[in-house]
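Working notes for the structure below.
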Ligand SMILES: C[S@@+](CC[C@H](N)C(=O)[O-])C[C@H]1O[C@@H](n2cnc3c(N)ncnc32)[C@H](O)[C@@H]1O
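Residue numbers (UniProt numbering): 1 to 258.
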């Protein structure tokens, strides 16, 4: 049985003020990021708890707050993997058995593959797979066969806003249903949802998202919708990181009572 949800507030100091995130993206040769497909994302998400360690040993600040047992000897699917940091940290610093990272942006998948090589993994290491895909395509989870084997844990970090704005309430409901079917009993989904107030900025930048935005009735962190499909909240960690105020929610697929 899942334990009662615990609540803790953890604050990570903001990096020293320099360029705005928007300016950094432009500097990184990206003019548009309609899916949150920022390049060099980790240059403005500096939430590590070990800033003085060599970069490869700096565990992502969000992962450092989670029970390492969630990852140890488990197979992770990191959705919206960007340049692969969460997946590679889980494998190399938290002892995951294997990791698959998926991103809609082929350039970011290239970045992730490069990052794996830079962190000492062979290009044909069977414990790692980075793949370009839009996970919101109908039937994607049903068709997805990760080369790394059966997935136990899924991370959805700082991506729900983009999935919601592009795919609407029905897309999110379908995603949660698919995740529940995709995972085995005891499987875990860890969500770091963007706050509702944060949606407006994306819509302001991208007019194409306005029509869907107006139709949205669901609100992050999608508590009722996750419960409805059968997940149980095991832990909720409130968190501040610079301008990012996003909790971490650990949801588990439990055996249904008969
Ligand atoms: C804001 S970044 C977050 C990166 C990473 N998850 C983290 O929090 O460290 C969101 C990522 O999700 C990816 N993404 C957005 N929509 C997607 C989709 N439908 N399928 C796969 N990846 C997607 C973007 O390309 C981007 O790399």
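Just so you know, even glycine gets a beta-carbon here, dropped at the ideal spot from N, CA and C.
The structure displayed is predicted, hence computed values, not measured ones.
Between the CA atoms of residue j and residue i - distance to the nearest angstrom
i	j	result
residue 253	residue 211	33 Å
residue 17	residue 242	Residue confidence for residue 17 is low, a pLDDT of 46 falling below 50, so the modelled location carries little weight; the figure read from the coordinates is stated next. Spanning the two alpha carbons is a distance of roughly 10 Å.
residue 13	residue 42	Bear in mind that the predicted position of residue 13 carries a pLDDT of just 45, short of 50, making it too unreliable to give a figure here.
residue 52	residue 86	19 Å
residue 149	residue 54	31 Å
residue 125	residue 56	18 Å
residue 2	residue 121	The predicted model places residue 2 with a pLDDT of 41, which falls under 50 and marks its position as unreliable; any figure quoted below should be read in that light. Using only the alpha carbons, I get a separation of about 35 Å.
residue 140	residue 134	8 Å
residue 300	residue 196	The question about residue 300 has no answer here: the residues shown for the chain are numbered 1 through 258.
residue 50	residue 66	15 Å
residue 257	residue 114	45 Å
residue 84	residue 224	30 Å
residue 137	residue 32	22 Å
residue 266	residue 213	Any property of residue 266 remains undetermined from this structure, which presents the chain solely from 1 to 258.
residue 94	residue 145	24 Å
Nearest to residue i (by Cα), restricted to the options the options
i	options	result
residue 81	122, 36, 118	36
residue 166	190, 125, 199	199
residue 184	248, 86, 255	255
residue 40	112, 88, 222, 181	112
residue 172	187, 87, 217, 239	217
residue 238	244, 229, 232, 248	248
residue 64	83, 90, 149	90
residue 71	188, 83, 209, 174	188
residue 96	79, 83, 69	69
residue 98	119, 74, 115, 174	74
residue 92	138, 79, 59, 136	59
residue 215	142, 169, 225, 175	169
residue 143	203, 127, 178, 222	178
residue 192	244, 94, 119, 127	244
Nonlocal neighbours in the same chain, by C-beta distance under 7 Å from residue i, ignoring five residues either side
i	result
residue 123	117
residue 194	158, 160, 161, 220, 246
residue 180	229, 230, 231, 253
Beta-carbon contacts of residue i that lie in its chain and below 6 Å, excluding the five residues immediately before and after
i	result
residue 77	100, 151, 154
residue 109	103, 130, 132
residue 190	155, 250
residue 147	129
residue 182	141
Cβ shell of residue i (< 8 Å), same chain only, five flanking positions each side left out
i	result
residue 106	132
residue 208	34
residue 270	The question about residue 270 has no answer, for the chain in this structure spans 1 to 258.
residue 79	102, 135, 154, 155, 156, 159
Cβ-heavy atom distance, residue i to ligand 2, below 6 Å
i	result
residue 82	Inclusion of ligand 2 in the displayed structure is not the case, the ligand content consisting of ligand 1 alone.
Residue i - containing beta strand (DSSP E), residue span
i	result
residue 145	Residue 145 -> no beta strand (DSSP E), and no H or E assigned at all.
residue 129	128 to 132
residue 112	Taken as a continuous stretch (DSSP letters only), residue 112 belongs to no beta strand (DSSP E), being part of the alpha helix (DSSP H) at 106 to 118.
residue 98	98 to 103
residue 157	153 to 157
residue 188	188 to 192
Range of the contiguous alpha helix (DSSP H) that encloses residue i
i	result
residue 239	Segment 231 to 241 is the beta strand (DSSP E) holding residue 239; no alpha helix (DSSP H) there.
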